[in-house]
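A.B. asks: Sharing a structure, written as structure tokens. Questions coming.
Protein chains: 4
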Amino acid sequence: MNGAGNTQPEKATGRLEAFSDGVFAIAITLLVLGIKVPNPSGASGSTPEALWASVWSQWPSYFALVTSFFSVLIMWVHHHTVFRLTRRVDTRLLFANGLLLLFVSVVPFPTAIVAEYLTTPAAPAACALYAGFLLGGSIAFFLLETAAFRESFLDENASASTVRRLRTSYRLGPPLYLAATIAAPFSPWLAMGICTALWILWAITTREC
Amino acid sequence: MNGAGNTQPEKATGRLEAFSDGVFAIAITLLVLGIKVPNPSGASGSTPEALWASVWSQWPSYFALVTSFFSVLIMWVHHHTVFRLTRRVDTRLLFANGLLLLFVSVVPFPTAIVAEYLTTPAAPAACALYAGFLLGGSIAFFLLETAAFRESFLDENASASTVRRLRTSYRLGPPLYLAATIAAPFSPWLAMGICTALWILWAITTREC
Amino acid sequence: MNGAGNTQPEKATGRLEAFSDGVFAIAITLLVLGIKVPNPSGASGSTPEALWASVWSQWPSYFALVTSFFSVLIMWVHHHTVFRLTRRVDTRLLFANGLLLLFVSVVPFPTAIVAEYLTTPAAPAACALYAGFLLGGSIAFFLLETAAFRESFLDENASASTVRRLRTSYRLGPPLYLAATIAAPFSPWLAMGICTALWILWAITTREC
Amino acid sequence: MNGAGNTQPEKATGRLEAFSDGVFAIAITLLVLGIKVPNPSGASGSTPEALWASVWSQWPSYFALVTSFFSVLIMWVHHHTVFRLTRRVDTRLLFANGLLLLFVSVVPFPTAIVAEYLTTPAAPAACALYAGFLLGGSIAFFLLETAAFRESFLDENASASTVRRLRTSYRLGPPLYLAATIAAPFSPWLAMGICTALWILWAITTREC
Chain X
164 MNGAGNTQPE
174 KATGRLEAFS
184 DGVFAIAITL
194 LVLGIKVPNP
204 SGASGSTPEA
214 LWASVWSQWP
224 SYFALVTSFF
234 SVLIMWVHHH
244 TVFRLTRRVD
254 TRLLFANGLL
264 LLFVSVVPFP
274 TAIVAEYLTT
284 PAAPAACALY
294 AGFLLGGSIA
304 FFLLETAAFR
314 ESFLDENASA
324 STVRRLRTSY
334 RLGPPLYLAA
344 TIAAPFSPWL
354 AMGICTALWI
364 LWAITTREC
Chain B
164 MNGAGNTQPE
174 KATGRLEAFS
184 DGVFAIAITL
194 LVLGIKVPNP
204 SGASGSTPEA
214 LWASVWSQWP
224 SYFALVTSFF
234 SVLIMWVHHH
244 TVFRLTRRVD
254 TRLLFANGLL
264 LLFVSVVPFP
274 TAIVAEYLTT
284 PAAPAACALY
294 AGFLLGGSIA
304 FFLLETAAFR
314 ESFLDENASA
324 STVRRLRTSY
334 RLGPPLYLAA
344 TIAAPFSPWL
354 AMGICTALWI
364 LWAITTREC
Chain H
164 MNGAGNTQPE
174 KATGRLEAFS
184 DGVFAIAITL
194 LVLGIKVPNP
204 SGASGSTPEA
214 LWASVWSQWP
224 SYFALVTSFF
234 SVLIMWVHHH
244 TVFRLTRRVD
254 TRLLFANGLL
264 LLFVSVVPFP
274 TAIVAEYLTT
284 PAAPAACALY
294 AGFLLGGSIA
304 FFLLETAAFR
314 ESFLDENASA
324 STVRRLRTSY
334 RLGPPLYLAA
344 TIAAPFSPWL
354 AMGICTALWI
364 LWAITTREC
Chain V
164 MNGAGNTQPE
174 KATGRLEAFS
184 DGVFAIAITL
194 LVLGIKVPNP
204 SGASGSTPEA
214 LWASVWSQWP
224 SYFALVTSFF
234 SVLIMWVHHH
244 TVFRLTRRVD
254 TRLLFANGLL
264 LLFVSVVPFP
274 TAIVAEYLTT
284 PAAPAACALY
294 AGFLLGGSIA
304 FFLLETAAFR
314 ESFLDENASA
324 STVRRLRTSY
334 RLGPPLYLAA
344 TIAAPFSPWL
354 AMGICTALWI
364 LWAITTREC
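Protein chains in written order, with this note's numbering: chain X, 164 to 372; chain B, 164 to 372; chain H, 164 to 372; chain V, 164 to 372.
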């Protein structure tokens with residue numbers, strides 16, 4: 164902190180958290196813009212059956228949206244937990260957080276790619292891109308966590324066992340997303356399955372908010 | 164809560180509320196993106212009369228926007244009321260809330276479907292989708308409320324009569340949205356009428372914010 | 164307020180303000196989506212001169228964006244001032260606020276209409292729609308102000324002269340926007356001029372935030 | 164401040180900051196909407212190789228997004244620092260802030276222009292527009308800082324050396340962005356290089372958040 168007499172160091176963390184929350188909330192809400200409204204002027208678009216068929220045929224969009232929504236939501240929960248244990252902010256933490264926010268804000272792009280290509284022959288590339296993107300995000304999260312959990316940054320009330328448990332839990336991300344990225348060219352569905360399994364696993368094992 | 168020395172349990176609720184508020188606010192503001200700007204290069208687009216006619220012909224968009232706007236706004240008011248009576252958060256509440264936010268964030272999609280198809284022969288399917296979507300949202304809200312109103316989660320100041328009144332009020336949602344979903348294939352307008360009546364009813368009977 | 168033991172009535176106002184702030188902030192930021200990126204694949208799009216010409220030809224978009232941006236920003240400042248003088252919320256205030264937020268969230272639509280049609284023969288209709296829309300917003304604001312400035316809702320510290328000054332200042336909105344709406348069919352530019360003059364006037368006379 | 168008995172002047176700053184944070188967070192998250200999803204119906208879009216090539220060919224979009232993301236993020240950090248040293252708000256500060264928010268909210272537009280035109284013969288115009296836009300933003304920031312750092316607005320805890328250091332750091336923006344704008348017609352890449360160097364320089368020299 165600078166010498167400007169900021170006597171409540173939490174305040175800095177507070178505003179960084181609020182800003183980050185905004186980016187997380189906007190990113191998951193923008194996912195809906197990736198779902199296309201079927202075109203009514205098409206010849207087949209004007210009967211109820213045609214509309215149902217058209218809405219149904221977009222299931223990869225819904226699957227991609229749900230996967231991204233909960234992956235980002237879980238990341239938000241973890242982000243919240245990390246900052247609850249952190250009592251101050253420096254440049255390194257600030258830019259680790261900035262890198263994470265960059266990945267979070269761009270999530271609608273790989274999500275739309277998967278939505279468009281999951282049922283085409285280009286699915287291996289689409290899913291590799293998606294998993295690789297989540298891999299990048301999880302590495303950014305790892306950098307953030309490493310910056311936040313330095314000795315002098317930890318809240319004095321943070322128990323060593325809590326910090327250890329969190330570190331272990333988050334450490335699953337990079338290797339498993341890497342496995343998904345490598346698997347995608349051979350089996351796009353295995354890649355998406357790993358991404359899905361991971362957010363469900365974190366959802367079940369999350370113990371706080 | 165974990166053992167990390169969080170001595171103000173309200174804080175956890177506070178940040179979850181702020182994040183949820185963000186998603187609610189963004190979702191209702193994104194509804195405007197579903198309204199199309201008439202194309203001026205069209206032959207009929209360049210006179211004032213043609214523009215008025217073109218803007219007027221989009222009335223299903225405005226109707227769908229207003230219905231979704233107030234349905235989500237009312238849900239936000241209720242969300243706020245529930246969390247004011249709740250003093251802590253666990254995984255179950257967190258994910259009931261996550262499911263609700265998923266429905267809220269996706270509202271612009273069924274809204275755009277109704278806007279496009281309300282005056283076409285596919286209206287029964289569009290309105291069934293819309294009402295079914297609000298049904299899903301009201302079930303998510305019911306799960307949230309059930310998770311929040313457990314004995315140990317209720318604020319000590321929450322009177323039994325307030326909680327009972329809220330439960331009764333919210334319980335209207337799932338059966339009536341179900342009725343709207345079932346009615347839609349026979350009468351799209353009855354379905355939209357039920358959805359509209361429901362938000363007006365809640366607006367009138369809401370007693371606090 | 165209900166009997167749930169909410170001993171800080173300001174809290175309710177606080178969350179309503181935060182939610183409203185979110186809608187205001189999102190609405191003014193979404194205005195940028197109404198500006199089109201010139202298409203580079205067009206024959207004339209690939210030289211610097213063509214790009215400048217193309218960017219320049221969109222000046223009605225920039226004018227409409229700036230007008231809407233500051234009109235909404237001023238409304239936010241006023242909204243903030245009203246709520247600083249108000250100490251509780253009831254259904255009437257809640258829904259007056261909801262109506263205002265509906266207008267605010269939809270502002271990008273009439274803005275895009277003006278951007279598209281200001282230089283076409285349909286300008287009278289576009290500007291009438293725009294001014295009529297701001298008229299609706301100013302009426303919603305008037306309803307909000309009337310609901311907020313009831314005797315029992317005013318903060319005890321709110322001086323009568325402050326309240327009177329605010330009422331006078333806001334009262335300009337409905338008649339002047341009405342004049343702009345009526346003038347638009349005859350002179351679209353007069354209508355836009357009134358809308359512009361109004362936000363500049365409020366900007367100059369605003370004395371607090 | 165007015166006579167309405169607002170005994171905590173910080174509150175006004177607080178809400179202005181929260182609103183500004185919202186605009187900053189939304190603007191950087193909307194940048195993703197400028198990245199196009201390759202069209203799968205194209206003849207070449209249906210193989211993994213074609214998708215990779217298509218995604219790769221959009222690299223100017225990613226470069227423009229990253230440059231804008233961090234330029235705005237840094238501006239947010241600086242905005243935060245300025246307001247931490249400021250204890251009240253008047254009309255001048257309010258509208259200097261409004262002008263800055265106008266530039267921030269419109270950033271996705273010049274970003275999309277650079278993304279579309281960086282590899283076309285129109286690159287000089289696109290980069291001049293982009294750098295000129297950041298120049299405008301940095302001038303708005305300078306006006307904000309000048310309005311905030313008046314004697315009677317400074318927090319009593321703000322040390323003269325901190326204020327001086329900040330002023331010096333921010334003063335780099337206008338001349339360097341001006342240089343980039345002037346350089347763009349001759350060398351678009353030099354212009355983008357200056358914009359990139361500037362956010363990296365600020366990132367490295369930022370000492371607080």
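Each residue gets a CB set at the ideal place from its N, CA and C atoms; glycine is no exception.
Would the region 350-366 of chain B and the region 214-229 of chain H be scored as touching if the rule is three or more Cβ pairs under 8 Å?
C.D. replies: Taking 8 Å as the limit for Cβ pairs, the verdict is that the region 214-229 of chain H does not touch the region 350-366 of chain B.
A.B. asks: Hey, could you find the ends of the alpha helix (DSSP H) Phe312(H) is sitting in?
C.D. replies: On the third sequence, position 149 is the one that residue 312(H) refers to. It is not in any alpha helix (DSSP H) - Phe312(H) carries neither H nor E in the DSSP assignment.
A.B. asks: Under a three-way DSSP split, which group does Thr249(X) fall into?
C.D. replies: Start at 1 with the first residue of the first sequence, and residue 249(X) comes out as number 86. The answer is strand: DSSP assigns Thr249(X) an E or B state.
A.B. asks: Could you check whether the Cβ of Pro211(B) sits closer than 9 Å to any Cβ belonging to chain H?
C.D. replies: Along the second sequence, one-based indexing puts residue 211(B) at 48. So, interface residue.
A.B. asks: Does Leu236(V) have its Cβ less than 9 Å from a Cβ in chain X?
C.D. replies: For the purposes of this step, residue 236(V) is taken as the residue at position 73 of the fourth sequence. Cβ-Cβ to chain X under 9 Å: yes for Leu236(V).
A.B. asks: Whose C-alpha, out of Leu341(B), Thr230(B) and Ala213(B), is nearest the C-alpha of Ile191(B)?
C.D. replies: As a position in the second sequence, residue 191(B) is number 28, starting the count at 1. Among Leu341(B), Thr230(B) and Ala213(B), the Cα nearest to that of Ile191(B) is on Thr230(B).
A.B. asks: Quick one: residues in its chain with C-beta nearer than 6 Å to the C-beta of Pro273(B), no 5 flanking neighbours on either side, listed in chain order?
C.D. replies: For the purposes of this step, residue 273(B) is taken as residue 110 along the second sequence, with counting starting at 1. So the qualifying residues of the chain are Leu292, Tyr293 and Phe296.
A.B. asks: Using a Cβ cut-off of 8 Å, pull out every chain H residue sitting near Ala360(B), in sequence order please.
C.D. replies: Taking the first residue of the second sequence as position 1, residue 360(B) is located at position 197. The contacting residues do not exist; Ala360(B) stays about 16 Å from chain H at best.
A.B. asks: Are there three or more Cβ pairs, one per stretch, closer than 8 Å when the region 239-258 of chain B is compared with the region 276-289 of chain B?
C.D. replies: no
A.B. asks: Below 8 Å on the Cβ atoms is my guess for Val218(B) versus Ala275(H); work out the distance and round it to an integer in Å.
C.D. replies: Here residue 218(B) is taken as the residue at index 55 of the second sequence, counted from 1. Here residue 275(H) is taken as the residue at index 112 of the third sequence, counted from 1. No, Val218(B) and Ala275(H) are not in contact; Cβ-Cβ is about 11 Å, not under 8 Å.
A.B. asks: What do you reckon, are the CB atoms on Leu248(V) and Leu317(V) nearer than 9 Å?
C.D. replies: Residue mapping note: residue 248(V) aligns to position 85 of the fourth sequence, counting from 1. Residue mapping note: residue 317(V) aligns to position 154 of the fourth sequence, counting from 1. Taking 9 Å as the Cβ cut-off, Leu248(V) and Leu317(V) qualify as a contacting pair.
A.B. asks: Classify Val313(H): buried if its beta carbon has 16 or more other beta carbons within 10 angstroms, exposed otherwise.
C.D. replies: Here residue 313(H) refers to the residue found at position 150 when the third sequence is read from its first residue. The question names Val, yet the displayed sequence has Arg at residue 313(H). Exposed, by the Cβ-count rule.
A.B. asks: What's the gap between the Cα of Thr369(X) and the Cα of Tyr333(B)?
C.D. replies: Here the question's residue 369(X) lines up with position 206 in the first sequence. Here the question's residue 333(B) lines up with position 170 in the second sequence. Computed Cα separation, rounded: 28 Å.
A.B. asks: Could you please tell me which residues of the region 241-262 of chain B, in chain order, have their CB closer than 7 Å to any CB of chain H?
C.D. replies: His243, Arg247 and Leu248
A.B. asks: Does any CB atom of chain X fall closer than 9 Å to the CB of Pro201(V)?
C.D. replies: Walking along the fourth sequence from the start, residue 201(V) turns up at place 38. Yes, Pro201(V) lies at the interface with chain X (some Cβ there is under 9 Å from its Cβ).
A.B. asks: For Ile198(B), return the contacting residues in chain X, with the cut-off set at a CB-CB distance below 8 Å.
C.D. replies: By 1-based counting over the second sequence, the position of residue 198(B) is 35. Neighbours of Ile198(B) on chain X: none; closest Cβ ~12 Å, over 8 Å.
A.B. asks: Cutting at 8 Å between CB atoms, please list the residues of its own chain near Leu194(B), excluding the five before and the five after it.
C.D. replies: Here residue 194(B) is taken as the residue at index 31 of the second sequence, counted from 1. Correct list, in chain order: Leu228, Ser231, Phe232, Val270, Pro271 and Thr274.
A.B. asks: With 16 as the cutoff for other CB atoms within 10 Å, does Thr244(V) come out buried or exposed?
C.D. replies: To locate residue 244(V), count along the fourth sequence from 1; it is residue 81. Flag for Thr244(V) reads buried.
A.B. asks: Suppose contacts are defined by Cβ-Cβ distances below 9 Å. Is Val267(B) in contact with Val186(B) by that definition?
C.D. replies: As a first step, residue 267(B) is located in the second sequence; it is residue number 104 there, counting from the start. As a first step, residue 186(B) is located in the second sequence; it is residue number 23 there, counting from the start. Their beta carbons are under 9 Å apart, which means Val267(B) touches Val186(B) by this criterion.
A.B. asks: List the whole-angstrom C-beta distance separating Glu308(X) from Arg330(X), where the pair is believed to meet the contact cut-off of C-beta under 8 Å.
C.D. replies: As a first step, residue 308(X) must be located in the first sequence, where it is residue number 145. As a first step, residue 330(X) must be located in the first sequence, where it is residue number 167. Right, their Cβ atoms sit about 7 Å apart.
A.B. asks: Since Ala366(V) contacts Ile237(V) with CB under 8 Å, what's their CB separation in whole angstroms?
C.D. replies: Taking the fourth sequence and counting its residues from 1, the one referred to as residue 366(V) is at position 203. Taking the fourth sequence and counting its residues from 1, the one referred to as residue 237(V) is at position 74. Confirmed, about 6 Å.
A.B. asks: Can you check whether the C-beta of Ile367(X) is within less than 9 Å of a C-beta belonging to chain V?
C.D. replies: Translated into the one-based positions of the first sequence, residue 367(X) becomes position 204. No, its Cβ sits nowhere closer than 9 Å to a Cβ of chain V.
A.B. asks: With a threshold of 9 Å between beta-carbons, can Lys174(X) be considered close to chain B, or not?
C.D. replies: The residue you call residue 174(X) lines up with position 11 of the first sequence. Any reading at Lys174(X) must be qualified, since the residue scores a pLDDT of 49, below 50, and its modelled position is unreliable; the value itself is stated next. Judged by the 9 Å Cβ criterion, Lys174(X) is not in contact with chain B.
A.B. asks: Step through the CB atoms of chain X and report whether any lies within less than 9 Å of the CB of Ile276(V).
C.D. replies: By 1-based counting over the fourth sequence, the position of residue 276(V) is 113. Not closer than 9 Å to any Cβ of chain X, the Cβ of Ile276(V) fails to qualify, so no.
A.B. asks: Should Pro338(V) go down as buried or exposed, given a rule of 16 or more other Cβ atoms within 10 Å for buried?
C.D. replies: Working through the fourth sequence from its first residue, we reach residue 338(V) at position 175. Pro338(V) comes out exposed.
A.B. asks: Count the other C-beta atoms from every protein chain shown that fall within 10 angstroms of the C-beta of Phe139(V), then say buried if there are 16 or more, exposed otherwise.
C.D. replies: This structure gives no information on residue 139(V), because the portion of chain V shown stretches from 164 to 372.
A.B. asks: Any beta carbon of chain X sitting closer than 9 Å to that of Leu214(B)?
C.D. replies: As a working mapping, residue 214(B) is identified with position 51 in the second sequence. Not one chain X Cβ lies under 9 Å of Leu214(B).
A.B. asks: For Ile363(B), count neighbouring C-beta atoms within 10 Å of its own C-beta (all shown protein chains included) and say buried if the count is 16 or more, exposed if not.
C.D. replies: Within the second sequence, numbered from 1, the residue matching residue 363(B) stands at position 200. Per the 10 Å Cβ criterion, exposed.
A.B. asks: Could you tell me whether the Cβ of Tyr225(V) comes closer than 9 Å to any Cβ of chain H?
C.D. replies: Against the fourth sequence, residue 225(V) aligns to sequence position 62. So no, Tyr225(V) is outside the interface.
A.B. asks: Can you list, in chain order, the residues of the region 276-300 of chain X whose Cβ is nearer than 7 Å to any Cβ on chain V?
C.D. replies: Ile276, Glu279, Tyr280, Thr283, Pro284, Ala285, Pro287, Ala288, Ala289 and Leu292
A.B. asks: Since I believe Ser183(V) is in contact with Thr283(X) (beta carbons under 8 Å), could you give me their beta-carbon distance rounded to a whole number of angstroms?
C.D. replies: If you number the first sequence from 1, residue 283(X) lands on position 120. If you number the fourth sequence from 1, residue 183(V) lands on position 20. Contact flag wrong, Cβ pair sits at about 43 Å.
A.B. asks: The region 325-357 of chain V: which residues have C-beta closer than 7 Å to a C-beta of chain D, in chain order?
C.D. replies: The question asks about chain D, but that chain is absent: this structure's protein chains are X, B, H and V.
A.B. asks: May I have the straight-line CA-CA distance separating Thr176(B) from Ile302(B), to the nearest angstrom?
C.D. replies: In the second sequence, counting from the first residue as 1, residue 176(B) sits at position 13. In the second sequence, counting from the first residue as 1, residue 302(B) sits at position 139. When rounded, the distance between both Cα atoms is 21 Å.
A.B. asks: Since Leu193(X) meets chain V, which of its residues come closer than 8 Å, beta carbon to beta carbon?
C.D. replies: The residue labelled residue 193(X) in the question sits at position 30 within the first sequence. Correct list: Thr192, Leu193, Val195 and Leu196.
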